[in-house]
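Here's the structure, in structure tokens; my notes come after.
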Amino acid sequence: MVNYATAAVEKAGVMRGLVSKNRVPLGSEIYNRILETLYDEAAALDERRFDDWVAMLEQDLLYTAPVRLTRSGPNKDRDVMRTMMHFDDNYQSILMRTGRLSKSAWAEDPPSRTRRFVTNTRVAECEAAGEYEVSSYLYVERSRFDNPHNETLSAERRDIWRVVDGAYKLARREIIVDQSTLGMSNLAIFL
Amino acid sequence: MLQKATFTLSDGATLDDLVMRDSYEVALRVMSDEELYKLEMERIFAKTWLLLAHDTEIPNAGDFVVRDMGEDQVIVTRDRSDAIHVSLNVCPHRGMKVCTAEAGNAHAHRCIYHGWAFRPDGSFIGAPVEKEQMHGNVLGKDKLGLKKARVEVYGGLIFATWDIEGPSFDEYLGDMKYYLDQLFCRTDAGLEMLGPPQRFVLPCNWKIPGEQSGSDGFHTLTLHRSLMEGGVMGGTAESIYDNAPGMYGVDVSCEQGHSLRCLEAAQTFKMFSDISFEGKTVEERLHMLPPPGITENLIPQLFKNLSADQVEQLATIPPQVGGLFPNILVAFIFAPRTDGGSSGALALHTYVPRGPNHVEFINFIFAEKDAPEQVKRDMLQNSIQQTGTSGIIEQDDADTWPQIMRNARGVVSKDQTLKYQALHGHERPEGWKGEGLLYPGFTKDDTQWNWWMAYYNLMADA
């Protein structure tokens with residue numbers, strides 16, 4: 055285990071920035087298509103069209119959400135703890151999750167009403183042709199039963215989207231939530 | 054039946070009105086009553102042993118993590134002599150938190166407010182501007198340390214209590230130690246926490262998950278129906294109640310309120326249903342189907358660290374789920390994977406009170422330290438996919454408990470009762486080696502009622 059109580063400065067645990075320097079500018083054709091894809095994805099999830107969502111996923115998908123830790127001193131900005139996650143999924147396990155949602159998944163039956171807001175989208179070219187690094191902010195409002203107070207969650211998503219037969223498909227997603235202690239009762243919804 | 058001195062709430066209700074020992078009922082209002090909550094903090098959380106951390110979280114001198122004992126925040130540290138200390142995270146000067154980070158390493162904890170400083174063992178070093186003696190001249194430095202809790206490390210698990218002269222940790226574990234050793238004290242290097250715990254807050258009282266941790270096996274058939282539909286546990290969606298997978302075994306418990314469900318894998322999981330241990334030695338059984346978290350290389354260590362009887366149980370009918378009173382859930386489970394493997398999932402939870410209406414769910418995830426790296430990786434994934442924030446099992450629990458909480462506030466609803474009347478009665482199965490209160494057969498309410506009796510005894514004992 056990585057010792058997260060350590061005083062030594064860690065190389066891991068940093069969140070910020072796109073890795074690639076080859077930015078895809080706002081308003082360009084590729085940027086617009088990717089942004090449109092993110093909006094389509096949010097709509098599919100908000101409308102619980104899980105088959106449509108799965109169709110947007112690549113089979114080598116890695117889908118993770120590391121935990122955050124409140125730290126001080128030399129590691130104060132290294133608070134993304136990739137040794138522990140809220141989601142640690144791949145394509146097969148996502149299929150297991152969506153399959154469950156079609157049966158007796160009481161955590162979402164009756165379903166939540168959700169609204170995913172996707173903003174601050176930045177795009178850069180990956181080294182592999184046809185792959186794009188996409189960083190976006192996500193804000194989720196989740197309404198459950200007759201509770202007038204929504205549960206909310208804010209996060210940055212660091213994705214890799216890949217062009218496949220003219221469409222963009224999700225190959226990597228790392229969801230960096232902002233809370234060290236989540237205020238959402240469960241993550242029975244996708245982020 | 055009544056003997057003990059107890060308390061009376063402002064509306065006249067006594068402990069016996071809330072926990073009805075003659076009819077095996079508990080008033081739903083216990084989940085929402087604020088006066089009762091304050092008494093629980095004093096009589097349970099400031100008194101009994103509480104699980105805070107694991108020693109692999111703080112491997113080096115000066116390492117610390119910050120945790121909560123009830124609503125009292127503490128610093129869990131390791132000093133230069135390798136001793137572990139638990140100290141209140143409250144500066145004796147002006148009440149500020151001495152540690153503001155969740156984890157770190159420090160040989161001196163300096164309060165950021167006025168600079169009073171403390172060693173990892175909680176002792177006071179001094180205040181800034183030494184010549185002015187800003188700690189005053191009333192109390193000596195030896196009186197100005199952080200308040201210390203009593204600590205016990207068991208199987209690497211760090212427990213603490215404020216009851217300095219109270220029952221020993223062995224008395225707290227009682228007869229359950231025999232079974233818990235099979236989970237926590239079975240290998241040479243012991244368990245390793247794989248990363249910081251998952252933490253999340255639910256809008257419900259701590260006792261709603263708490264009483265479930267008293268080995269509520271029955272809810273699995275209905276609340277966790279998707280496990281049967283997914284083909285993980287024996288049977289199909291249509292035959293869930295006929296086959297009742299995972300319901301038959303031996304529930305073990307004790308008057309301290311702890312319990313564990315011991316289950317044969319073949320009776321629980323579809324993928325193991327063809328395995329027959331008939332005529333096989335203990336060692337052969339371990340190789341055919343190692344208990345959750347145990348790999349081939351670790352099997353010889355089991356014989357070294359446990360008694361022959363303990364190894365036999367682990368090989369045949371291992372403890373899998375249960376809890377320790379008041380707020381610990383144990384889930385050391387077989388976890389069949391989508392890729393066909395099953396290396397198990399080892400998780401502990403604590404349910405930490407955050408006021409009468411909220412609880413923090415802390416999910417500690419483990420593997421054996423000497424398990425192969427790929428197995429640890431698989432087990433981390435198993436635990437995350439099954440338990441905690443996104444776990445497909447526990448997301449259903451996390452959605453159910455707040456709804457019970459909502460009911461506990463209704464003026465009529467609060468006087469309804471929780472019923473623990475499906476009782477089996479203690480019965481020793483033939484050939485069973487361990488001690489404790491034993492309930493063989495279909496899982497019933499006995500262990501959860503024992504949980505409430507432990508609650509009753511602590512609440513009655515001012």
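Here the protein sequences line up with chains A and B, keeping their order. So the mapping is simple: the working numbering equals the position in the first sequence, first residue as 1, plus 54. So the mapping is simple: the working numbering equals the position in the second sequence, first residue as 1, plus 53. The beta carbon of each residue, even a glycine, is placed where N, CA and C say it ideally should be.
Below-8 Å beta-carbon distance, B:Asn258 vs any chain A residue: no
C-beta neighbour in chain B for A:Ala59, strict 8 Å: yes
Residues bridged to B:Ile137 [DSSP beta-bridge criterion]: B:Arg131
Members of the stretch 144-164 of chain B that neighbour chain A once the beta carbon cut-off is set at 8 Å: Thr153, Ala154, Glu155, Ala156, Gly157, Asn158 and Ala159
Straight-line Cα distance separating B:Gly227 from A:Asp133: 40 Å
Whole-angstrom distance between A:Leu115 and A:Asp142, CA atom to CA atom: 11 Å
Cβ neighbours of A:Ile230 in the same chain (closer than 8 Å, five flanking residues each side left out): Met69, Ala119, Pro120, Arg122, Val134, Ala209, Glu210, Arg211 and Arg212
Same chain, Cβ closer than 6 Å to B:Arg390, five either side skipped, listed in chain order: none
Neighbour list for A:Leu241 in chain B, Cβ cutoff strictly below 8 Å: Thr442, Ser443 and Gln448
Chain A contact residues for B:Gly283, given Cβ-Cβ distances below 9 Å: Met150, Gly153, Arg154 and Lys157
Contained alpha helix (DSSP H) runs [length at least 4] in the stretch 325-392 of chain B, N- to C-terminal order: 335-341, 352-358 and 361-369
The stretch 461-474 of chain B / the stretch 62-72 of chain B touching (three or more Cβ pairs under 8 Å): no
Where B:Lys201 sits in the DSSP three-state scheme: strand
CA nearest to the CA of A:Val188, picked from A:Met139, A:Tyr222 and A:Thr137: A:Tyr222
Cα-Cα separation, B:Leu418 to B:Leu197: It should be pointed out that residue 418 of chain B corresponds to Ile in this sequence rather than to Leu. Those two C-alpha atoms are separated by around 36 Å.
Three-state secondary structure (DSSP) of A:Pro120: strand
The alpha helix (DSSP H) enclosing A:Val134, as first and last residue numbers: Unbroken run through A:Val134 is the beta strand (DSSP E), Val134 to Asn144; no alpha helix (DSSP H).
Neighbour flag for B:Ala384 against chain A, beta carbons, 8 Å: no
Status (buried if at least 16 other CB within 10 Å, exposed otherwise) for B:Asn416: buried
Beta-carbon gap between B:Ala213 and B:Leu105 smaller than 8 Å: yes
Residues that DSSP places opposite B:Leu491 in a beta bridge: B:Val305
Start and end residues, alpha helix (DSSP H) containing B:Ser279: Arg278 to Glu282
Bridge-paired residues (DSSP) for B:Ala106: B:Ile211
Exposed unless 16 or more other CB atoms sit within 10 angstroms - verdict on B:Pro250: buried
Neighbour flag for A:Ala161 against chain B, beta carbons, 8 Å: yes
Contact check, B:Ala170 vs B:Ala156, beta carbons under 8 Å: no
Outcome for B:Val191 when other beta-carbon atoms lying within 10 angstroms are tallied against a minimum of 16: exposed
Positions along the stretch 92-111 of chain A whose CB lies within less than 8 Å of some CB in chain B: none
Neighbour flag for A:Asp142 against chain B, beta carbons, 8 Å: yes
B:Gly270 and B:Thr496 closer than 8 Å at C-beta: yes
Distance between beta carbons of A:Leu111 and A:Leu224, contact taken as under 8 Å: 5 Å
Per DSSP, cross-strand counterpart(s) of B:Ala420: B:Glu245
Burial state of B:Ile386, where buried means 16 or more other Cβ atoms lie within 10 Å: buried
Three-state class that DSSP yields for B:Ile457 in the structure shown: helix
Sequence-distant residues of the same chain with beta carbon closer than 6 Å to B:Ile217, five excluded per side: Arg203
The stretch 328-339 of chain B touching the stretch 295-308 of chain B, judged by at least three CB pairs closer than 8 Å: no
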